[in-house]
Every structure is written in structure tokens, then in C-alpha cells.
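Numbering (full-length UniProt numbering) for the sequence shown: 1 to 229. For reference, the structure is listed below as C-alpha cells.
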Amino acid sequence: MGEVNFKRARTDEQRAERRRAILATADEMLTEMPVAKLSFNELSRRVCLAKANIVRYVESREAVLLELLDRHIRDWIAELAGSVPAEGGPRERGDRLAAVLAESLVRRPVLCDLISSQATVLEHNVSTEVALEHKHALLRAVESLTAVVRRHLPEFDDRAAYELVSTTSLVTAAAWPHSRPSEALQAAYALDPAVAATRVEFTELVGRTLEVTISGLLARAGDRSAEVG
Numbered sequence: 001m002g003e004v005n006f007k008r009a010r011t012d013e014q015r016a017e018r019r020r021a022i023l024a025t026a027d028e029m030l031t032e033m034p035v036a037k038l039s040f041n042e043l044s045r046r047v048c049l050a051k052a053n054i055v056r057y058v059e060s061r062e063a064v065l066l067e068l069l070d071r072h073i074r075d076w077i078a079e080l081a082g083s084v085p086a087e088g089g090p091r092e093r094g095d096r097l098a099a100v101l102a103e104s105l106v107r108r109p110v111l112c113d114l115i116s117s118q119a120t121v122l123e124h125n126v127s128t129e130v131a132l133e134h135k136h137a138l139l140r141a142v143e144s145l146t147a148v149v150r151r152h153l154p155e156f157d158d159r160a161a162y163e164l165v166s167t168t169s170l171v172t173a174a175a176w177p178h179s180r181p182s183e184a185l186q187a188a189y190a191l192d193p194a195v196a197a198t199r200v201e202f203t204e205l206v207g208r209t210l211e212v213t214i215s216g217l218l219a220r221a222g223d224r225s226a227e228v229g
């Protein structure tokens, strides 16, 4: 990846272009390295700006990553919005939705890495203004994801769909780092079959967890309907 050469920004449009270039550079860096290794120093070097100057355009490393998280979530939702609901009963459609969610996530490693770092890293070292912008973006994303879920499973009300969306985020955050073992653990897996059996496979774990969650939510929805009836 080539470095970005900046001249001094003198207009609002030039400043906006600097900011877009910084975000694009950080996004490209995430295809080369995990979130944990993306440093502000390296970002500054690649955009040819001193750290003292780069903060004119972005508040912090974490603020950059939060904005990228929001963008990657929007892209993911756009993909899911084009998915076609399966035919069959609620169980069949639920299992297919679980697979769609898990398979779409594993194809987006940058998104999964950002989700797994959200609460512990990304939401720290940011201003209240940035935190609010991020949370409002997440609220819009949850609303869109809830609509996708209900299109696949009209048996769900908004509450059940929200619970599935929340579970998807949480299990992704937990499963992703565990499915990316260190070199030492990879060597241990190769040496000991008993240890290898504990290895986490992301798509399998997320898909199975969502299948069980959907089945439980469908059962609860049936119980509520029976009570009303």
C-alpha cells in the first residue's frame, strides 16, 4: 500500500478529503493486521502526517475504528437485506437464517475483529460526542437488522428480533478471538488431539448458537400466543 502525501488543507473540502483518506488508509491497514496491532503511529506514518496534525482530522485511533465499525456494519446489513428467506416452517427458516448470519459474518473478518474489540477497546479514549454518534449509528443498525430478521421470521415480534440481533453481536464478539488461536496454540492443537478437540470453529459455533437461540425464541413466541388464545 502506498503512502498518502498531504499538502496543508486550507478549505473545508480539503479537510474533508484528508479525513476520508485517513479513514481509507486505516481501513486498508485492517486487511493487513488485526485491530490490536493498528497503531496511531503507523497510521500517521502512512498518511504522512505527524500525530499532532492528524488529530486535526480524527479525534483518536479508537474514534477512527468506531467509524470504520459503523461503516462495516452498514455494508453487512446491505448484504443481509438482499438475502432471500427460506421456504418451509419456522424451524427450517430459523435454521437457514442462523446459517446466513454465521456465513455472512465469517466472510467479513474485519467486521468480526472490530465487533470483538468494540466494548473493550473501541469505546474507550473517545469523547462523549463520538460515543453518542456511534451509539446512534448502532441504534439505526439494530433497527435495520431487526427488520431483516422479521422478514425471515415473521413469527417474531420486535422484541424477539432484537434479542436475536443482540445475541448475534455478543456471540461474534466472544467467538472471533477464540477462533483465531496464537501460533503456540496452533502447535498444541497439532500435537495433542484432545487439545485440538477444544478448538473453536467460528461458523459452526455462531451458527449453532443462533439456531438454538432462534428455536428458544420461537418456542416462547408460541407460548405467548397460546396464553393469549
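From the three backbone atoms N, C-alpha and C, an ideal C-beta is built for every residue, glycine too.
| request: Use the C-beta contact count for L170: other C-beta atoms within 10 angstroms, 16 or more gives buried, fewer gives exposed. | output: When all chains shown are included, L170 counts as exposed.
| query | From V47 to L218, what does the alpha carbon distance come to, in whole angstroms? | reply | V47 and L218 have their C-alpha atoms some 50 Å from each other.
| With respect to the alpha helix (DSSP H) encompassing D192, which residues constitute its N-terminal and C-terminal limits? | Annotation for D192: no alpha helix (DSSP H) segment contains it, and DSSP assigns it neither H nor E.
| Within this structure, are the beta carbons of V110 and T31 separated by less than 8 Å? | The answer is yes: Cβ separation under 8 Å.
| said: Could you tell me the alpha carbon to alpha carbon distance between V84 and A160, rounded to whole angstroms? | reply: Separation of V84 and A160 (C-alpha to C-alpha, rounded to the nearest whole angstrom) is 20 Å.
| Straight-line CA distance for P34 to A196? | Rounded to the nearest whole angstrom, the CA to CA distance from P34 to A196 is 24 Å.
| task | Over the uninterrupted alpha helix (DSSP H) stretch that includes R91, give me the two end residues. | result | 90 to 106 is the extent of the alpha helix (DSSP H) around R91.
| What first and last residue would you give for the alpha helix (DSSP H) that runs through P109? | Where P109 is concerned, the enclosing alpha helix (DSSP H) starts and stops at 109 to 117.
| task | Please classify E62: is it buried, with 16 or more other beta-carbons within 10 angstroms of its beta-carbon, or exposed? | result | E62 comes out buried.
| query | Which same chain residues, not among the five before or five after E92, have their C-beta less than 8 Å away from its C-beta? | reply | Counting only Cβ-Cβ distances below 8 Å, and skipping sequence neighbours, we find A86.
| said: So, for A99: in the same chain, excluding its five sequence neighbours on each side, which residues have a beta-carbon less than 7 Å away from its beta-carbon? | reply: Only G207 meet the Cβ criterion.
| said: Determine, for S116, whether the minimum Cβ-Cβ distance to residues of chain D falls below 8 Å. | reply: Going by chain labels, chain D is absent from the structure shown, which holds only one protein chain.
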